[in-house]
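These notes concern the structure reproduced below.
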Amino acid sequence: MKCPLKTKIIIAITFALCGCGGSGERGEVPKGQRQEFIGLQKSQYDNVFLAPLKERSVNQVAQLFTRLSPKTTGVNFQNTIDIKEPLKRLYHSGFVCGGVALGDFNGDTRLDIFLVSGPGENKLYLQREDFRFEDMSSSAGIEDGDAWGAGVAAVDIENDGDLDLYICNYDSANSLYINDGKGHFNESASLTGIDVVDASLVPTFCDFDKDGDLDLYVLTNRYYREGGRPAKPPFQKAVNGGVTVSSDFQKFYGIKQKGPKSYDMDEIGRPDLLFRNDGGSFVDISKSAGIQKEAHGLSATWWDYDGDGLMDIYVTNDFADPDNLFRNNGDGTFTDIITEVLNYTPWFSMGADAGDINNDGLLDFIALDMAATTHYKSKMSMGEMGAMRWVIEAARPRQVMRNCLYLNQGNGLFSENASLSGVANSDWSWAAKLADYDNDGRVDLFVSNGMARDFNNSDITFTPQDQIGKSEWDHYENAPTKPEQNLAFRNLGGLQFSNVSKDWGLDHVGMSYASAHGDFDKDGDLDLLVVNLDEPVSIYRNDSNSGHSALVTLRGSQSNRSGIGAFVEIVAGDLKHVRQLVPLSGYLSSNENLLHFGFGEADGIQSLKVRWPNGGVQEFSNLPVDKHIVITETDASLPPYSRAEHDPMFVKHSELRGIIHKEKVYEDFIHQPLLPHKMSQFGPGIAFADVDGNGTEDFFIGCARGQSGAIFLSDGKGGFKVEGNGQPFAEHIDSEDMGVLFFDADSDGDSDLYVSSGSYEYKKGDPLVRDRLYVNDGLGQFVSAPEGSLPKFTDNGSVVCGADFDRDGDLDLFVGGRVLSGEYPLSATSRILINESVPGKSIRFVAASNDQVSAVENAGMVTSALWTEVNDDGWIDLMITTEWGPVKVFLNDSGKLVEATKESGLANILGWWNSITGGDIDNDGDIDYAIGNSGQNTKYHASVKKPIRIYYGDYEGDGSKSIVEAKYENGVLLPIRGKSCSTSAIPSLGDKFKTFHQFASSSLSDIYTPSRLKESSVFEANELSSGILINNGKGSFTFKALPSTAQNAPVFGLDFCDVNGDGNLDLYVVQNFSVTQFETPPYRGGLSQLMLGDGKGSFKALTATESGLIVPTDGRGLARTDLNGDGFPDFVVAVNNGELQAFTNAADGPRPKKVILKGMKGNPMAAGSKILFKSKDVKGRMRVEEIYQGGGYLSQSSNAIYIDSFFDSLIIFWPDGKKTEHSLPAEQYEFTFTQPD
């Protein structure tokens, strides 16, 4: 409800004394105002007051932060492990260390400190001068009670102008201390209805219903039973005949699913609580609001995740409990939509925070885990993971063992980028604090680390039976503590962070938990307080000497007085900065109740916009920097906030919904337990062509084993229908489709269909992996080609693409070999199939001789290929992408392929390449190439100096072979996989390494011996970024990585196309790969990515909201076509184990010209043609395009070229070497050119 009358009067008087609502003339604020306004001057706005910030030193400092001693500050508070404490079992939990709140508690404008002490005495320190504090706890009225305290919020709960304190206690009534304005408090929780007794961990306040007062969310964790588990299982029969936990034990234990049909008793978390503030009395609406889920909560963060003006809340939960993202429905209820918004979350989710890391005006989010920063710590903490596999893989959303950094794409869409950004691993982490610590205009990250004991030491084990009569703490009480280094990450821009812990003086090694930031000395930079265990709190003074800044304090009138929940946007130096005022963030931490902005070199604020918690918006401009800015909310009616809606460039095409690729899931790891990822889910591809001769583009999508393929015929208006009764494709329902290609196999002028087959699930030599050829009757009716049309090869295939490489008038094929089943990383055979068909008589393809294609056969694990003219000699060449190898180049020497990978400059760029397509991205007349790779957002990180390797050899001495992955750390080659999975796959290692410590301490050669490794097959990767190969015009290439946002997942399908009509090629890529081995987080951080080209070789990434191209699932094949016949290029995405996605172009740019080439029978799509477009009006403007028959990833787009309207002529270089020239009249949009005889 609205602010009570008393509060309204106080606020009104305060504003009157501040001169609010006056003429707007500059001048001193009238005397008699409240203390907080002393020293403030009015700005050009009645509602904006300014005070200068204290000048910072310009002297060079050794480190950004200086840790001040307790003797200097007077703050000697510390949390201590007391093994005589009756509740010592809580040292195993999130209650291990008390929280902190910063605020001005006595109204003197100085920033004070309140500290919660677990089982000890809470303390209040008042700041008397800069960084000098006095302990006023004994006279403040906050020391009563013997409860175990945890988190605390400093909040003006009465809206009376001073900060009150609300403290969460374990299994005791939570405390509410009401401030009299002078730093004296009275406990009043029972009077307001929030004297909650539960496993309460942390409170956080926000006006979620926009009624002007602050509501309360209480995060709970878990009850820890004294004496551990009971000797007698506390079970009783349920009403339904099943088993349930006895009522006396239900607050401790529950029945949890551990496998497909396996259930067991386990400790359970508590449901959280939500209280609505009804005029100073709080009402428990937890159940009706929909936020109650049993979980081990560790942090709760209010934020408006989707920008709709309503405050939502993200809850991180420990152990296997899924995180929650409760969306505010605006009617007093919430809906947990985390599975709709995020592909995965941390497993042991810890602290969290929201902040705009890329200055796009959208709040991003980080949630911490406990991922180790060194090889040794990682292998010591992994333990016996096999027992948890089902739990990990069954979790929704999937849970991963690392931090997650969610990049806001607008409208509630997020990609995930922690590994890409260098912040995925931060050890046993607690508080995440996103803030601009160096005032350079970018939000940085501080992380507190450490634990009371090394609870993740895999050499210390106990069973559920061991827990009878003992708490978890009892098993570790005599073990050593686990101090770890705190971490600071500087935001470098471009989604990149650098570990600057030592440079900034924040590399303290200890057991650090709650952390809060605020400006203690009001000099415009953020200082930091970190709560430690078994040592005094750390107070860090920020000694930054560069970068402009501002502090913003909000004073609400219609909204809550502190402006909690307000969203502030500042533009300075043409860069956008946003903050949302939510003091409680990180872990048990309440920051100073103001907003800090760093601006770098920007010397003025161009604009400042406040969206108040009630939705009203105030805007200001031309404000100075290096000021403390106080903004008061006007009593007048303000324009309401509404989320800016932008028309996307593409929209979903509904006519193709319901086409689902359904995998018959196979357990690849039976054959090779140490596979890095599955090899049986690489499809499907998709191919477009006019198969029925009506001038519209039809398609075929590959199917998984157990599904029957189909031809989808287009009506030219966006609708499609399935042709036929399922034949002949149903004959091959047990085959797995990979690459698909329409081409004229029999030189009759229509499109036949080739389907490449293969999957890791088939045994070597299985006839089901034979490729298939389907012959078209010209009307879209297909039959299987006669036996003998194709060679009887039984290789696991991948890509198929066609070109007339021998210039005999018909299309030959390259068919890539993927992998030998059960022998990864060894490759299947690749082949060139020569078309020896006799028109009207026979269809026959034969494998090219070694004399023609000497090196192609053993090209490696081929993923994709492209027939393209590399060296501008008029003959079509071949480029091949491989996993664990380079992009390979084979030049066509008059019908003979000769490898030129080294000469092209690509031999030493080794990656996990997935795909390739070509385009003239810099408009210089030659073809450059986009190549898809695994990206930079996985656990794998490779460089020339630190490549990753894979060994395949006999490590048991019995003739069997195993996989060993390896990485470098500090110059030492180490195993990537841990002891548990390695000893399971290679049993002799279990005899050699009895402990996790032994294994974690050993190098690769220590474990597998130099001689065994030397005898192994070895492959290497040193580049994992997807990127561009820039052609120098002579067939030599320079590699250039794509923008960071395209590196957050593996890239599969990709396509060059000018989607916005500016004359430059843009690039669209589809991403994600979910089927890694279960210990490895899925590579699923992407939503697909559209990048606009500048015509000079660079690209700008669009958000998913801007592009409208949203594919959060596992994109594979990608094809460009005109779905609805409007003359604009559209996209269709084939998804592995999911629904096909189609998008039509909705951009308002100029209509492009559409050019189609018609070739001769045998090559009716004119594959291999090159077109040079020119413009008379734009001097020197040109672009080269090629016609591909197969490319990208396992797919085929239409052969139509979409070109900007200012191109007015073209030269066509036909596949047979002939050349023709044509004009492109301005008034015409569609052109068809026919190959001359």
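Heads up, the sequence shown is in our numbering, so the first residue is 2 and it goes up one at a time. Glycine included, every Cβ here is placed at the ideal spot set by N, Cα and C.
Beta-carbon to beta-carbon, G1096 and D923 are separated by about 7 Å, close enough to satisfy the 8 Å threshold. Note on geometry: alpha-carbon atoms of S547 and Q607 lie some 20 Å from one another.
By the C-beta criterion, the region 1006-1022 is judged to be in contact with the region 961-976, since at least 3 inter-stretch pairs fall below 8 Å. Contact between the region 435-451 and the region 592-612 is present: 3 or more CB-CB pairs across the two stretches fall below 8 Å. Within the DSSP bridge table, the entry for C207 names D216 as partners. The closest CA to that of S379, considering only S1003, D738, D332 and D428, is found on D428.
Looking at D313, D163 and V246, the one whose alpha-carbon comes closest to that of L217 is D313. At a Cβ-Cβ threshold of 8 Å, S590 and G95 do not count as neighbours.
Taking every protein chain shown into account, the CB of N187 has fewer than 16 other CB atoms within 10 angstroms, so this residue is exposed.
The count of Cβ pairs closer than 8 Å, one atom from the region 1072-1083 and one from the region 1168-1185, stays below three, leaving the stretches out of contact. Note that the C-beta distance between L742 and G1191 is below 8 Å. Separation of the CB atoms of K1159 and T1233 is rounded to 6 Å, and the pair is thereby assigned contact status at 8 Å. With fewer than 16 other beta carbons inside 10 angstroms of its own, L192 counts as exposed.
In this structure H629 is buried. Its beta-carbon is surrounded by 16 or more other beta-carbon atoms within 10 angstroms. When Cβ pairs closer than 8 Å are counted between the two stretches, the region 1041-1055 is seen to touch the region 1110-1126, the count reaching three or more. For secondary structure counted as the beta strand (DSSP E) over 3 or more consecutive residues, the region 1067-1108 holds these complete runs in sequence order: 1067-1072, 1090-1094 and 1100-1102. For Y825 and K233, the gap between their C-alpha atoms comes out near 50 Å.
Ranked by Cα distance from F1020, the first of P1044, S1026 and I951 is I951. T864 is positioned such that its CB atom lies closer than 8 Å to that of S916.
In terms of Cα proximity to D796, the closest of V770, K897 and G779 is V770. Taking C-alpha positions only, P120 is separated from D147 by approximately 7 Å. In this structure, the straight-line span from the alpha carbon of S715 to that of K903 is close to 44 Å. In the DSSP assignment, A517 falls within the beta strand (DSSP E) that extends over S513 to G519. Within 10 angstroms of the beta-carbon of S655 lie fewer than 16 other beta-carbons, which makes it exposed. Of the residues assessed, F463 falls on the exposed side of the cut-off, its CB having fewer than 16 other CB atoms within 10 angstroms.
By DSSP's assignment, Q486 forms a beta bridge with V510. In this structure, G108 and A141 do not form a Cβ contact; the two beta carbons are roughly 13 Å apart against a cut-off of 8 Å. Within the DSSP bridge table, the entry for K1219 names no partner.
By the CB criterion at 8 Å, G1193 and L975 fall outside the cutoff.
For G495 and G242, the gap between their C-alpha atoms comes out near 58 Å. Separation of W391 and C982 (C-alpha to C-alpha, rounded to the nearest whole angstrom) is 15 Å.
In the three-state scheme derived from DSSP, where H, G and I count as helix and E and B as strand, A141 is classed as helix.
From the listed residues K722, I1188 and F700, the smallest Cα separation to L867 is found for I1188. Distances from the alpha-carbon of Y306 to those of S790, S416, G719 and I286 put S416 closest.
Excluding residues up to 5 positions away in sequence, F498 lie with their Cβ nearer than 6 Å to the Cβ of G423 in the same chain. In chain order, A296, I339, T346, A396, R397, P398 and Q400 place their CB closer than 8 Å to the CB of P323, counting only its own chain and leaving out the 5 sequence neighbours on each side.
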